Amino acid sequence: MITRRMLIAAAGLAASALAGAPTFAQETVKVGLIVPMTGPFASTGRQVEAGARTYMAMHGDTVAGKKIELILRDDAGTADQTRRIAQELVVNDGVSVLAGFGLTPLALAVAPVIGQAKIPAIITSAATSSITEQSDYYVRSSFTLPQAAVPVATWATENDIKRVVTLVSDYGPGIDAETWFTKEFTAKGGEIVEAVRVPLQNPDFAPYLQRVRDADPDAIFVFLPSGVGSLFMKQFADRGLADAGIKLIATGDVTDDDILNDMGKPALGAITGQHYSTAHDSPENKAYVEAYKAAYPDMRPNFMSVGGYDAMHLVYAALEKTGGDATGDALIEAMKGLSWTSPRGPVSIDPETREIIQNIYMREVKEVDGELYNVEFATYEAVKDPAKTSDQ
Ligand code: PHB
10 MITRRMLIAA AGLAASALAG APTFAQETVK VGLIVPMTGP FASTGRQVEA
60 GARTYMAMHG DTVAGKKIEL ILRDDAGTAD QTRRIAQELV VNDGVSVLAG
110 FGLTPLALAV APVIGQAKIP AIITSAATSS ITEQSDYYVR SSFTLPQAAV
160 PVATWATEND IKRVVTLVSD YGPGIDAETW FTKEFTAKGG EIVEAVRVPL
210 QNPDFAPYLQ RVRDADPDAI FVFLPSGVGS LFMKQFADRG LADAGIKLIA
260 TGDVTDDDIL NDMGKPALGA ITGQHYSTAH DSPENKAYVE AYKAAYPDMR
310 PNFMSVGGYD AMHLVYAALE KTGGDATGDA LIEAMKGLSW TSPRGPVSID
360 PETREIIQNI YMREVKEVDG ELYNVEFATY EAVKDPAKTS DQ
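The working numbering applies: residue 10 is where the sequence shown begins, and numbers increase by one.
Rendered as structure tokens:
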């Protein structure tokens with residue numbers, strides 16, 4: 010039976026087809042942000058949220074005629090929850106994009122959801138290289154560990170560091186950091202004296218650090234996920250490694266701007282490589298830090314926050330490119346090849362891999378005006394994820 014409602018619907022469809030009106034007439038585009046806001050990795054969630062909200066404060070909440078609505082959800086750092094929340098956001102809230110994912114297992118948990126819903130998932134935080142190979146709908150606004158670790162290894166070989174102990178968290182990004190640091194460092198003539206892997210949860214570094222001290226290397230190369238660095242730094246100092254002349258080199262996760270000030274003197278002189286420092290000297294970063302601090306006076310932006318900021322940029326720029334079409338396939342296609350100037354410097358999305366191409370800066374922890382900062386002193390420009398370039 011043909012009902013009155015069906016006739017009205019058919020007439021509406023015909024009218025919009027005649028007018029050439031797009032079928033994506035939805036006026037609000039919802040972005041579901043899933044991050045740990047509680048639990049041991051809550052600082053990541055807090056930073057990503059602050060970065061994303063700062064972007065919206067600076068750029069408004071309307072783009073290509075659409076109102077952008079950010080829906081924040083806490084997964085407490087548990088993969089089961091990340092997947093369940095992602096499903097709810099797709100089915101109940103009708104989000105057009107997912108973003109966030111504070112740790113690698115949390116990012117991996119949503120692969121089936123985004124594959125089925127055919128919507129993009131922007132990785133603001135997780136940094137194991139292989140994540141983006143698990144679905145064509147992943148795109149990354151954070152970084153990869155190979156991308157940060159290789160420049161640190163190059164720098165080390167050029168600065169008289171010959172014998173190194175590596176110490177990493179024993180899961181995806183740690184293995185990536187160890188593998189790619191070692192590959193570059195040994196290819197350029199360096200020697201790995203020992204490779205130590207510590208548990209991700211509740212690590213106690215003291216026994217490992219004693220072993221490192223006994224091995225007496227020129228340097229220790231470290232990767233630990235954001236938030237864990239202060240405990241490491243304290244034990245590094247307590248065990249007398251710095252006094253023994255063992256240099257600390259790391260990816261920037263260890264001297265995270267969020268906690269760097271609280272680390273105090275033991276952090277001074279640490280050399281790290283990464284894509285963002287609060288102290289990055291550019292007009293874009295000055296504007297970002299100012300807007301961020303206006304809204305969050307008790308925090309300072311770290312690299313997780315720019316992952317959130319640039320995730321929102323990806324959504325806005327993609328919508329502009331599609332003229333407001335928020336269907337998943339249109340958005341992910343539009344994100345490929347985008348380039349812009351982030352607070353971290355010039356960046357682009359590699360259209361082949363959906364990875365972010367960005368500068369990696371070498372930095373030294375220094376005291377400036379009574380506060381500790383990662384002060385940049387050298388730049389490796391436009392670094393691609395080395396784990397995905399064909400010559401590796
Ligand atoms: C990750 O789990 O992929 C991860 C988490 C924190 C970091 C880097 C990588 O700082």
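All C-beta atoms in this analysis are idealised placements derived from N, C-alpha and C, irrespective of residue type, glycine included. Just so we're clear, the structure is a prediction, and the values are computed from it rather than from any experiment.
query                                                                                                            : result
Rounded Cβ spacing between E376 and L277 (contact assumed at less than 8 Å)                                      : 7 Å
Burial state of F312, where buried means 16 or more other Cβ atoms lie within 10 Å                               : buried
Residue interval of the beta strand (DSSP E) (run including A367)                                                : Residue identity check: residue 367 is Gln in the sequence provided, not Ala. Unbroken beta strand (DSSP E) run through Q367: I365 to V377.
Runs of alpha helix (DSSP H) lying entirely within the stretch 321-370, each at least 4 residues, in chain order : 337-344
P155 to A224 span [Cα, whole Å]                                                                                  : 25 Å
Local conformation of Y64 per DSSP, three classes                                                                : helix
Nearest neighbour of G236, chosen from A51, I43, G41 and M46 [CA to CA]                                          : A51
Three-state secondary structure assigned by DSSP to K393                                                         : coil
Limits of the unbroken alpha helix (DSSP H) element including D89                                                : A88 to V100
Within 8 Å, strictly: CB atoms of P182 and G282                                                                  : no
CB-CB length for A88 against T47, believed under 8 Å                                                             : Their Cβ separation, rounded to whole angstroms, is 15 Å, which puts A88 and T47 out of contact at 8 Å.
Collapsed DSSP secondary structure at V177 in the structure displayed                                            : strand
Paired residues, beta bridge with R412 - DSSP                                                                    : Nothing about residue 412 can be read from this structure; the chain reaches only from 10 to 401.
Identified DSSP bridge partners for V149                                                                         : Before going further, note that residue 149 is Arg rather than Val in the sequence given. DSSP output for R149 lists I132 as bridge partner(s).
The stretch 114-126 touching the stretch 359-375, judged by at least three CB pairs closer than 8 Å              : no
beta-carbon T113 near the ligand PHB non-hydrogen atom, thresh 7 Å                                               : yes
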